[in-house]
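Engineer: Here the sequence shown is numbered in this note's numbering, starting from 46 and rising by one per residue.
Cβ coordinates follow ideal geometry from the N, Cα and C atoms, glycine included.
Supplied in structure tokens, the structure appears directly below.
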Amino acid sequence: MTIETPDQSSAPTKKPSVAKRILGFVVALVVAGGVAYAVNYFSSDAAQTKAGDCASVTGTTSAPEFSTVECTAPEANYTVGKVLSSTSESCGEGYDEYTETARRGPDSKLCLAPRLVAGECHQFSGSTTMGYPKVPCSTQGALKVTEVTAEADCAEGTPLAYPEPKVVYCLTQPTEA
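Encoded structure:
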């Protein structure tokens with residue numbers, strides 16, 4: 046007489062409970078979301094920018110293109126004055142604003158002060174180009190930067206002052222040469 050023993054390999058395997066499967070799915074979603082957030086955060090120039098950094102902002106006022114650059118780079122047309130923690134905060138008078146709304150990750154709002162050079166003329170109004178384009182001094186509406194200082198007073202011209210970074214541009218109407 047032979048006694049048959051049940052085959053151990055054919056024994057039914059115990060499936061994970063529904064709660065464990067749901068928990069595993071939730072953990073996977075959280076990890077994937079964290080990875081997406083980190084990728085967006087670390088690949089966004091605006092999210093990584095600090096006050097005092099220099100930037101190149103090109104394009105138009107309705108579709109600006111932002112990148113952080115060295116302050117010595119010729120394309121550096123702005124200095125970041127403030128980095129705001131909320132896109133609803135205001136930069137204050139005189140600053141240009143750059144807001145980047147991320148699908149994932151943090152939104153960024155930067156308060157930008159232009160980087161201007163004494164002796165150059167710029168278009169401050171009527172332009173949709175970012176960065177106050179440098180123009181010939183004979184251009185109608187152009188203003189000439191006569192002095193760049195940290196003091197609030199201008200020997201000549203109207204001051205355009207920024208508290209952060211502490212800089213004052215003295216602007217005048219260019220004289221005919």
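Suppose you measure from the CA of Val128 to the CA of Pro109; what does that come to, to the nearest Å?
Structural biologist: Spanning the two alpha carbons is a distance of roughly 17 Å.
Engineer: Assign Gln93 to one of three DSSP states: helix, strand, or coil.
Structural biologist: The answer is helix: DSSP assigns Gln93 an H, G or I state.
Engineer: Taking Cβ positions, are Cys156 and Gly126 nearer each other than 7 Å?
Structural biologist: Yes, the pair counts as a contact, with Cβ atoms nearer than the cut-off.
Engineer: Alpha carbon to alpha carbon, how far is Ala147 from Lys161? Give it in angstroms, no decimals.
Structural biologist: Note that residue 161 corresponds to Leu in the displayed sequence, not to Lys. Taking the straight line joining both Cα atoms gives about 30 Å.
Engineer: From this set, Glu209, Ala195 and Gln218, which residue's C-alpha is nearest Glu201's C-alpha?
Structural biologist: Of Glu209, Ala195 and Gln218, the residue nearest in Cα terms is Gln218.
Engineer: Could you round the C-beta distance between Cys199 and Glu192 to whole angstroms and report it? I think they count as a contact, below 8 Å.
Structural biologist: Contact holds; Cβ gap of about 6 Å.
Engineer: Starting from Pro109, trace the beta strand (DSSP E) in both directions and tell me its first and last residue.
Structural biologist: Here the beta strand (DSSP E) through Pro109 covers Pro109 to Val114.
Engineer: If the criterion is Cβ atoms closer than 7 Å, does the pair Thr113 and Thr132 meet it?
Structural biologist: It is not a contact, given that the beta carbons lie outside the stated cut-off.
Engineer: Smallest Cα separation from Ser32: which of Thr106, Gln93, Gly164 and Ala163?
Structural biologist: Residue numbering for the chain in the displayed model covers 46 to 222; residue 32 lies beyond these limits and cannot be assessed.
Engineer: Compare the C-alpha of His167 against each of Cys215, Ser101 and Thr117 and name the closest.
Structural biologist: The shortest C-alpha separation from His167 is found at Cys215.
Engineer: Express the C-alpha separation of Ser107 and Gly164 in angstroms, rounding to a whole number.
Structural biologist: Roughly 29 Å between the two C-alpha positions.
Engineer: Could you have a look at Thr117 and say whether DSSP puts it in helix, strand or coil?
Structural biologist: DSSP places Thr117 in coil when its eight states are reduced to three.
Engineer: Report the option in Thr220, Gly97, Glu120 and Ala206 whose CA atom is closest to the CA atom of Gly104.
Structural biologist: Nearest option by C-alpha distance: Glu120.
Engineer: Assuming Pro178 and Ser172 are in contact, meaning their beta carbons sit under 8 Å apart, how far apart are those beta carbons, in whole angstroms?
Structural biologist: Between Ser172 and Pro178 the Cβ distance is about 6 Å, and since that is below 8 Å, they are a contact.
Engineer: Would you kindly report the start and end of the unbroken beta strand (DSSP E) that includes Gln168?
Structural biologist: Residues Cys166 to Gln168.
Engineer: Would DSSP call Ala195 helix, strand or coil?
Structural biologist: In this structure, Ala195 counts as coil in the three-state DSSP scheme.
Engineer: Give the straight-line distance between the Cα atoms of Tyr86 and Cys136, rounded to the nearest whole angstrom.
Structural biologist: Below a pLDDT of 50, predicted positions are generally treated as unreliable, and Tyr86, at 44, falls in that range; the measurement from the model is reported next regardless. For Tyr86 and Cys136, the distance between alpha carbons rounds to 22 Å.
Engineer: Could you spell out the range, first to last residue, of the beta strand (DSSP E) harbouring Ser153?
Structural biologist: Per DSSP, Ser153 belongs to the beta strand (DSSP E) from Ser153 to Pro159.
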